[in-house]
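Residue numbers (our numbering), protein chains in the order written: chain A, 1 to 347; chain B, 348 to 694. By construction, the Cβ of each residue, glycine as well, lies at the ideal position given by its N, Cα and C atoms. A short worksheet on the structure shown next.
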DNA sequence: ATGATTAATGTACACGCGTACATTTTGTCA
DNA sequence: TGACAAAATGTACGCGTGTACATTAATCAT
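Right, here's the structure in full:
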């Protein structure tokens, strides 16, 4: 096929290749002839052969947990990140390879590189567990380019053991709780997610930090745990209702919007309304926050930008600076809506 | 690398290839020697070279509209389908190649095949527009394996001009409206989406069909149009509020959950509550339906199964039957919840 | 024991590109 | 005009597989 183009243009195959790749010195007139011939014959180079010859797959792999039935994660979360990754990858001429990982059944990431299926890897929905950590350490040891999103390893502030792009959930949590305190709440219940997400521990630390800083006592019975699903928030409602009804809680800060909405629904069944009987703040600012009944005060996380930044960092060419490692913790922003906006605790 | 394995196992490279691919007769003992040698050396075949040699990319392409800022589509919709496609592709050893298409800027689908980037293609979020149609007709003409999801071309009941997998939205719409009629509603407003989705026209036809069948007059002023976004539903609220307040409407059927929720929110601002002052039914049964304030009656669409079926159909090997074309219209199911369940119109 | 059949393995090469290197053409300066 | 550098193009080959075909080893029926 390329041969036919070469013949039609009256040049060698090598020149065809040079023209199509814009490499090496080529006479303008020759270039036009080749281009015309290629168009004439409808020649499209085989990406398979190109990649094989270049020894580059041209693929950016994206690993995401496969949520069979229950979706613990918000689809918002992933589609935002995917969008960011996709736009950057596309701009740089890379394709996106989607890799589902069954939960607790981690894929062999190194094999993805060894088989040259991907040139770089972005991992979503990772947790801080021995198995995950081990995989990532191996990747780092072998020097493969990869990046874990929205998850931190190692202590906050320290230089991470491998590339990650996270958001500043500690500050986000502080801002959320500070807002609750600002509007007069004093007994703030906290629904966190599983501790094997740094997301969860960071939010807990932020909560504890601002509570202490504000001179409010931290009470064990106000610290609850769900699994980031709506249902888990819903199931905590009976307990929360007791706390609120007995005056032991006047606000709820949930580690994500889905749990916040679940709790809200459960509390409504018990006659308690967010924004009236208690203040409620979620996290993530998913579209669900705007769909909720009293619209949800929440913390907006730049998922899209996180994805974009990760892709940029991984696909950055030779010429570009690798200044990414610094800003690997992106800022978040509190969005105040009805679920806290109209609430006034009866001090 | 493969050479080293061959040497270590004391065989030729061809035998290594045979063992690893399980092809041709190989003595058991030889097989074990080769496997041991491969494991010993940590040999992983290059997918790049394999695909090049086999002239198969091993990729199933998935085209989805890139929603820059506004997300007209529910992420639920796409992530469900993606999940279905992914599980089936993974089971068959294919990779998923994600291809974003900027709205109104269609990619050259044939080039994807010509460049051998994909072996088959699934298209999500397509519309019935000249540009889309043209692309698909070309694909069909060239004989490339592809499938359009949740969109129909040609008349209902006719054999489609190219492979599609759709759900029976005509019946879904009928069921939804029939339910509204069953609970006593007589003046049912209908918020539809843009007419260039067969989804929309099918729902409209279903609406008209059941209204007529039930002897209810169809009134122009009750037929509204949004663009499937929450906002578009919200913006119709003033008009809807007038209709309801003046007794000209007692129910709303929205073509998706997001518009339903938008309308519900707008109506709430005007003192009208779904399930109390009017009945409300959405469509899609997205997770948002369960998060909404009165939980939303909706029509569940088997997005996951649609994706799975499409992938199955496209990746079906030689041995398997190609019995898919028949059942290209999957059934949907009405899910009754609070937004209609408790409503009793004052007849 | 011998030929015929089949199993097991080896040899050789194509796949379609990119590119190092060799070669030819063009341009420049004296 | 000739010598030389630079630009333009051609030639040749490697990339790592899969596999058609050739070859050798094993099995079996007679």
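Query raised in the report: Taking 8 Å as the CB-CB limit, is residue 450 (chain B) close to chain A?
Result: no
**Report entry** Cross-chain neighbours of residue 391 (chain B) in chain A, by beta carbon under 7 Å
**Finding:** 111, 114, 115
Query raised in the report: Interface residues of chain B around residue 261 (chain A) at Cβ under 8 Å?
Result: 638
**Report entry** Buried/exposed call for residue 510 (chain B), threshold 16 Cβ in 10 Å
**Finding:** buried
**Report entry** C-beta contact flag for residue 311 (chain A) and residue 89 (chain A) at 8 Å
**Finding:** yes
Query - CA-to-CA distance, residue 112 (chain A) to residue 464 (chain B), given in whole angstroms - result: 18 Å
Query raised in the report: For the region 372-383 of chain B against the region 403-416 of chain B, are there 3 or more C-beta pairs whose distance is under 8 Å?
Result: no
Report task. For residue 440 (chain B), I'd like the list of residues in its chain whose CB is within less than 8 Å of its CB, leaving aside the five on either flank, ordered along the chain. Result -> 405
Requested in this report: Go through its chain and collect everything with a Cβ distance to residue 282 (chain A)'s Cβ below 6 Å, but skip five positions before and after it.
Outcome: 254, 257, 260, 289, 296, 298
Report task. Counting only the same chain and skipping the five closest in sequence on each side, list residues whose C-beta sits under 7 Å from that of residue 384 (chain B). Result -> 352, 355, 356
Query raised in the report: Less than 8 Å separating the beta-carbons of residue 554 (chain B) and residue 597 (chain B)?
Result: no
Query raised in the report: Unbroken alpha helix (DSSP H) runs of length 4 or more, entirely within the region 416-496 of chain B: which are they?
Result: 422-438, 456-461, 477-489
Query raised in the report: Over what stretch of residues does the alpha helix (DSSP H) that includes residue 198 (chain A) continue unbroken?
Result: 198-213
**Report entry** residue 238 (chain A), DSSP secondary structure in three states
**Finding:** helix
Report task. Could you check what DSSP says for residue 246 (chain A) in three-state terms: helix, strand or coil? Result -> coil
Requested in this report: For residue 644 (chain B), write down the residues that DSSP places opposite it in a beta bridge.
Outcome: B:628
Query raised in the report: What do you reckon, are the CB atoms on residue 245 (chain A) and residue 222 (chain A) nearer than 8 Å?
Result: no
Query raised in the report: Within 8 Å (strictly less), CB to CB, does residue 442 (chain B) reach chain A?
Result: yes
Query raised in the report: Is the Cβ of residue 78 (chain A) closer than 8 Å to any Cβ of chain B?
Result: yes
Query raised in the report: Using a beta-carbon distance below 8 Å, is residue 86 (chain A) in contact with chain B?
Result: yes
Query - Residue-chain proximity (residue 394 (chain B), chain A), Cβ-Cβ < 8 Å - result: yes
Query - Straight-line Cα distance separating residue 304 (chain A) from residue 133 (chain A) - result: 24 Å
Query raised in the report: Just the Cα atoms here: how many angstroms apart are residue 649 (chain B) and residue 424 (chain B)?
Result: 10 Å
Query - Contact list for the region 214-238 of chain A against chain B, Cβ threshold 9 Å - result: 230
Requested in this report: Establish whether the CB of residue 647 (chain B) and some CB of chain A are separated by less than 8 Å.
Outcome: no
Query raised in the report: With burial defined as no fewer than 16 other Cβ atoms inside 10 Å of the residue's Cβ, what is the status of residue 3 (chain A): buried or exposed?
Result: exposed
Query raised in the report: Which residue from B:375, B:685, B:413, B:467 puts its Cα closest to that of residue 453 (chain B)?
Result: B:413
Report task. In the DSSP assignment, find the unbroken alpha helix (DSSP H) run with residue 268 (chain A) in it and report its ends. Result -> 257-269
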